[in-house]
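Structure, as structure tokens:
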Amino acid sequence: MLARGLEAAGATRALEAFAGAGRSVVLTYHRIATPGPSNPFYDPTVSATPEGFRAHMAMLRERFRVVPAEEMASPPDPSDPRSRAAITFDDGCRDNFDVALPILREFGLPATFFIPTDFLERPRLPWWDHVAYVAKASRLDRFEVGRTADDPAPIAVDLAPPDRSAAIMGLIRPVLAGEVPDVGAFLKRLEDRARVDVDSPALGRELFMTWAHLKALAAEGHAIGSHAHSHVALGTLDERDARRELALSRTILEAAVSRPVRTVAYPYGWPGAVSDRTFRLAAAAGYRAGFTAFEGTVRPGCDPLAIPRLNVGGGDSPALLRTRAALWGSLGRSWL
């Protein structure tokens with residue numbers, strides 16, 4: 000990875016100087032936890048350990064002016080030369096409240112939390128966490144599971160020690176690729192073949208925040224945004240259903256926190272999961288700022304309904320985050 004090489008070469012300061020003042024970057028976090036055997040869910044959704052997140056926040060407070068995500072829809076203040084950063088969390092996981100909030104409070108930093116409202120209304124495991132839970136809980140070393148009930152070439156699942164992460168990705172990729180027409184039926188077949196019973200509602204209550212948590216976040220000055228209603232790729236829906244996802248989520252959230260909801264992070268957020276139509280529908284639904292999974296920093300002229308972000312991964316040190324932001328800033332990408 001180019002950013003890692005530049006970080007190792009000590010080029011971060013030079014990149015920051017080349018990129019100039021007034022850069023704007025939005026960081027995407029998901030879970031703040033410790034990956035590995037103690038985590039029963041999908042490890043790649045862990046953006047940082049608690050210690051790593053604290054180090055990130057220390058760097059952001061020192062190097063950036065940290066602002067609510069909605070501010071990225073407006074040009075930077077020309078009288079303030081500092082670079083801007085916004086801290087965002089997707090999915091509404093419980094550790095955002097239990098772990099991240101005290102650290103945000105410690106550093107006095109605002110954040111924006113993007114919530115898929117259906118996961119709070121009807122708690123359950125998202126399909127990717129369901130897959131990971133089954134694979135981690137199974138006592139079998141090997142089995143096969145079909146993408147469909149009569150799949151002639153079922154997925155071979157190898158759970159032999161020491162690491163099951165490759166097997167989990169082997170189950171997740173076909174779903175992402177659209178090879179599994181009925182994800183619910185696939186999960187049931189997976190449970191049966193792995194000999195694991197999953198209490199999805201109970202695990203969903205463990206994984207996600209509650210409405211009381213959202214109200215507490217809002218009361219502390221953090222922003223609540225939409226992550227659509229059911230965490231579906233909006234670009235794959237017909238226009239009526241996409242419009243409903245955006246409008247319903249906003250209505251539910253505003254009633255829950257008694258505050259305007261003007262920001263949305265599009266589920267998945269990559270090309271195909273979002274499109275120009277998605278951005279148009281978000282504007283029509285009353286959103287002022289929309290956030291994608293397109294990699295980049297926020298440049299002048301960026302569409303406020305198609306703002307890029309930098310996804311934070313478990314291996315991102317504070318120095319690497321600085322390098323990634325500076326690299327994108329120096330490249331001048333804007334994702335218009």
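All residue numbers for the sequence shown refer to numbering that gives the first Met the number 0, where the first residue is 0 and numbers rise by one. Cβ coordinates follow ideal geometry from the N, Cα and C atoms, glycine included.
Could you check whether residue j and residue i sit closer than 8 Å to each other, using their CB atoms as the reference points?
| i | j | result |
| --- | --- | --- |
| A54 | Y28 | no |
| I86 | V65 | yes |
| R287 | E69 | yes |
| P266 | H226 | yes |
| N95 | F118 | no |
| R121 | F185 | no |
| M208 | G91 | yes |
| L206 | R93 | yes |
| L309 | L202 | no |
| L108 | R60 | yes |
| R83 | S23 | yes |
| W210 | A255 | yes |
Would you tell me roughly how many angstroms separate the C-alpha atoms of residue i and residue j, rounded to the nearest one?
| i | j | result |
| --- | --- | --- |
| I114 | H221 | 13 Å |
| V182 | V174 | 7 Å |
| D240 | R249 | 14 Å |
| L26 | P307 | 9 Å |
| T322 | E294 | 14 Å |
| P317 | D191 | 43 Å |
| R243 | T262 | 16 Å |
| L320 | P151 | 45 Å |
| P77 | L170 | 49 Å |
| G314 | P49 | 13 Å |
| V45 | G268 | 18 Å |
| L252 | P299 | 30 Å |
| G234 | P74 | 28 Å |
| P39 | V260 | 32 Å |
| L189 | D79 | 54 Å |
| R141 | P160 | 11 Å |
| V311 | P43 | 10 Å |
| D128 | G35 | 13 Å |
| R332 | H228 | Any reading at R332 must be qualified, since the residue scores a pLDDT of 45, below 50, and its modelled position is unreliable; the value itself is stated next. Each residue's Cα considered, the two are about 30 Å apart. |
| A176 | A232 | 13 Å |
| G289 | T116 | 17 Å |
| C301 | A72 | 8 Å |
| R172 | T291 | 21 Å |
| S274 | A148 | 33 Å |
| R204 | T277 | 30 Å |
| V144 | K214 | 42 Å |
| E178 | T33 | 31 Å |
| H230 | R81 | 34 Å |
| P180 | A110 | 36 Å |
| P346 | P67 | This structure leaves residue 346 out entirely; the chain is present only between 0 and 335. |
Below 8 Å on the Cβ atoms is my guess for residue i versus residue j; work out the distance and round it to an integer in Å.
| i | j | result |
| --- | --- | --- |
| F106 | M58 | That pair is no contact at about 10 Å. |
| D89 | A264 | 5 Å |
For residue i, tell me which candidate among the options has the shortest Cα-Cα distance.
| i | options | result |
| --- | --- | --- |
| A136 | D149, P151, A110 and R163 | R163 |
| L330 | G51, V297, S82 and W127 | V297 |
| A165 | Y41, H228 and G314 | Y41 |
| D237 | A217, T209 and A272 | A272 |
| A284 | L304, G300 and S274 | L304 |
| L216 | G177, S257 and P125 | S257 |
| L139 | H228, S229 and A193 | A193 |
| D97 | F52, A72 and D275 | F52 |
| K187 | P67, W126 and T116 | W126 |
* Does the region 187 to 197 come close enough to the region 127 to 145 to have 3 or more Cβ pairs within less than 8 Å? -> yes
* Asked: Between the region 156 to 163 and the region 212 to 228, do three or more beta carbon pairs fall short of 8 Å?
  -> no
* the region 321 to 332 contacting the region 92 to 111, beta-carbon criterion three pairs below 8 Å -> No, the region 321 to 332 does not touch the region 92 to 111.
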